[in-house]
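Asker:
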Amino acid sequence: MFLNFMMMQKPKIATVVRADNLKDFFSELSKIQRVADLIELRVDYIHGLQIEHLQELKTKTKKPAIFTCRGQAEGGNFSGAEKQRLTIIQKAIDLGFPYVDIELSTLKKCKLNRKRGVKLIVSYHNFHKTPSYNFLEKTISQAYKLGADIAKVAVLVNKPEDNKTIFQLILNKKNNQEIIALGMGEKGRITRLLAPLLGGYLTFAAIAGKTSAPGQIDIKGLKVIYQAMDF
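Numbering of the sequence shown is given in the working numbering, commencing with residue 76 and proceeding in unit increments.
(1) Quick one: Cα of residue 69 to Cα of residue 177, how far?
(2) Could you check where the beta strand (DSSP E) with residue 196 kicks off and where it finishes?
(3) CA-CA distance, residue 136 and residue 95?
(4) Terminal residues of the continuous beta strand (DSSP E) containing residue 258?
(5) If you draw a straight line from the alpha carbon of residue 245 to that of residue 255, how long is it in whole angstroms?
(6) So which of 205, 202, 204 and 172 has the shortest CA-CA distance to residue 189?
(7) Starting from residue 157, trace the alpha helix (DSSP H) in both directions and tell me its first and last residue.
(8) Among 276, 116, 216 and 115, whose alpha-carbon lies nearest the alpha-carbon of residue 179?
(9) Does DSSP put residue 82 in a helix, in a strand, or in coil?
(10) Between residue 258 and residue 238, is the Cβ-Cβ spacing less than 8 Å?
(11) Residue 185: beta carbon under 7 Å from a heavy atom of the ligand MN?
(12) What does the alpha-carbon distance come out to for the pair residue 186 and residue 240?
(13) Kindly list the residues whose CB is nearer than 6 Å to the CB of residue 119, restricted to its own chain and excluding five residues on each side of it in sequence; keep chain order.
(14) Count the other CB atoms within 10 Å of the CB of residue 236; is the residue buried (16 or more) or exposed (fewer)?
(15) Spell out whether any CB of chain B is found under 8 Å from the CB atom of residue 303.
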């Protein structure tokens, strides 16, 4: 039964685009779009990012994209004022990027104007440990109460039992919920491989040398593994 269930799940892979300036970002975007079906735009890595740059980014983005401008408090690289970051995120929604990521901790303190067709990924990150199953389940419930279309949980895996907790979140999700649940760090790499096969919404990958999270798998290696599994 377990194998049959896995065979039903065709994994979605979001390939991360990141660079520290706009010119290089557009260059990386062009390269990655040739091989990726879905991308994550980590605009928080772009030094000097301004709101007027977003229209050009939207025009040049030809594949379904997750727009992410992560604050430093949750492992991101955006160094500007929080008000500026929220303005950028709202502009991404207004422009109609298919997916926009915002942290649960941020959404508790602000309200975003929604747009039809834009899916909100409400995310929680813990770079120190994997909290208890009950805590993470409540975190996912909070994300949905605040308007999430997709709830994301990314936590550091310190021991094998932590991977089990992540898999349980996916396997026990409600039928009307979409969840991204991933383990960070070397011990959590197995979750990045198996989570989307077990019903997780997607996994993240990166081109060599451009990872944006601990334990992230190279896109080429991940595709080779999935192809060997006949996906």
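Just so you know, even glycine gets a beta-carbon here, dropped at the ideal spot from N, CA and C. The structure presented is a predicted model; accordingly, all values stated were derived computationally and were not measured.
Answerer: Short version:
(1) In the structure as shown, the chain starts at 76 and stops at 306, and residue 69 therefore has no counterpart that could be examined.
(2) Along the sequence shown, read from residue 1 onward, the residue named residue 196 stands at position 121. Unbroken beta strand (DSSP E) run through residue 196: 194-201.
(3) Counting from one through the sequence shown, the residue named residue 136 turns up at place 61. Counting from one through the sequence shown, the residue named residue 95 turns up at place 20. If you take the alpha carbons of residue 136 and residue 95, they lie about 18 Å apart.
(4) In the sequence shown, residue 258 corresponds to position 183, counting from 1. Taken as a continuous stretch (DSSP letters only), the beta strand (DSSP E) holding residue 258 covers 254-259.
(5) Start at 1 with the first residue of the sequence shown, and residue 245 comes out as number 170. Start at 1 with the first residue of the sequence shown, and residue 255 comes out as number 180. Distance between the alpha carbons of residue 245 and residue 255: 8 Å.
(6) The count along the sequence shown starts at 1 and reaches residue 189 at position 114. Of the listed residues, the one whose Cα sits closest to residue 189 is 172.
(7) Residue mapping note: residue 157 aligns to position 82 of the sequence shown, counting from 1. Run containing residue 157: 157-170, per the alpha helix (DSSP H) assignment.
(8) The residue given as residue 179 occupies position 104 in the sequence shown. Residue 179 has its Cα closest to that of 216, out of 276, 116, 216 and 115.
(9) Indexing the sequence shown from 1 puts residue 82 at position 7. Since pLDDT at residue 82 reaches only 43, below the 50 mark, its modelled position is unreliable, and no value is offered.
(10) The residue given as residue 258 occupies position 183 in the sequence shown. The residue given as residue 238 occupies position 163 in the sequence shown. Cβ atoms of residue 258 and residue 238: closer than 8 Å.
(11) Ligands in the displayed structure: none, and consequently the ligand MN is not present.
(12) Along the sequence shown, read from residue 1 onward, the residue named residue 186 stands at position 111. Along the sequence shown, read from residue 1 onward, the residue named residue 240 stands at position 165. Their backbone Cα atoms lie some 31 Å apart in a straight line.
(13) To locate residue 119, count along the sequence shown from 1; it is residue 44. Excluding positions up to five away in sequence, the list reads 144, 145, 151, 152 and 153.
(14) Position 161 of the sequence shown holds residue 236. Looking at its Cβ environment, which holds fewer than 16 other Cβ atoms inside 10 Å, residue 236 is exposed.
(15) Chain labels in this structure do not include chain B; a single protein chain is all it has.
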